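Trainee: Residue numbers (the numbering used here): 12 to 108.
Glycine included, C-beta positions come from ideal geometry on N, C-alpha and C.
This one's a predicted model, so the numbers in the text were calculated from it and none came from an experiment.
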């Protein structure tokens with residue numbers, strides 16, 4: 012069964028305090044939903060239309076699990092804390108077998 016992934020690229024971070032509040036809630040929400048964070052920040056070499064900004068990659072055992080984690084009450088609470096503190100491109104994608 013293909014795994015599911017969250018791929019998030021932050022275009023701008025306008026409120027670092029909101030991002031910190033989000034991180035405090037999102038980390039436990041992701042872990043409780045079975046997610047494993049492989050990338051969170053760090054160095055980026057952007058190419059083509061890419062943006063060298065904060066990038067996050069989280070793996071789940073399935074696409075369905077990744078979607079359910081995004082919709083969970085705990086993660087929704089994290090999103091409320093984040094509100095308009097960032098502009099990001101967030102995707103849930105299915106891996107390949």
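Need the endpoints of the alpha helix (DSSP H) that residue 78 sits in, please.
Mentor: Residue 78 -> alpha helix (DSSP H) spans 74-82.
Trainee: Within the same chain, show all residues whose beta-carbon is closer than 8 Å to that of residue 45, passing over the 5 residues directly before and after it, in chain order.
Mentor: Excluding positions up to five away in sequence, the list reads 71, 72, 76 and 80.
Trainee: What does the alpha-carbon distance come out to for the pair residue 63 and residue 38?
Mentor: Spanning the two alpha carbons is a distance of roughly 23 Å.
Trainee: Do residue 99 and residue 16 have their beta-carbon atoms positioned less than 8 Å apart in this structure?
Mentor: No. Outside cutoff.
Trainee: Would you kindly work out how many angstroms separate the C-alpha atoms of residue 83 and residue 103, rounded to a whole number?
Mentor: Each residue's Cα considered, the two are about 14 Å apart.
Trainee: Leaving out the 5 sequence neighbours to the left and right, which residues in its chain are closer than 6 Å to residue 78 when beta-carbon positions are compared?
Mentor: Excluding residues within five positions, the ones whose Cβ falls inside 6 Å are 103.
Trainee: Taking only three categories from DSSP, how would you classify residue 88?
Mentor: Correct three-state label for residue 88: helix.
Trainee: State the Cα-Cα distance for the pair residue 57 and residue 65, rounded to the nearest angstrom.
Mentor: Looking at the two C-alpha atoms, the distance is approximately 11 Å.
Trainee: What does the Cβ neighbour count give for residue 61, buried or exposed, with the cut at 16 atoms within 10 Å?
Mentor: By the neighbour-count rule (16 or more Cβ atoms within 10 Å), residue 61 is not buried but exposed.
Trainee: If I measure Cβ to Cβ from residue 36 and keep anything under 6 Å in the same chain, skipping five residues before and after, which residues do I get?
Mentor: Here the set comprises 88, 89 and 92.
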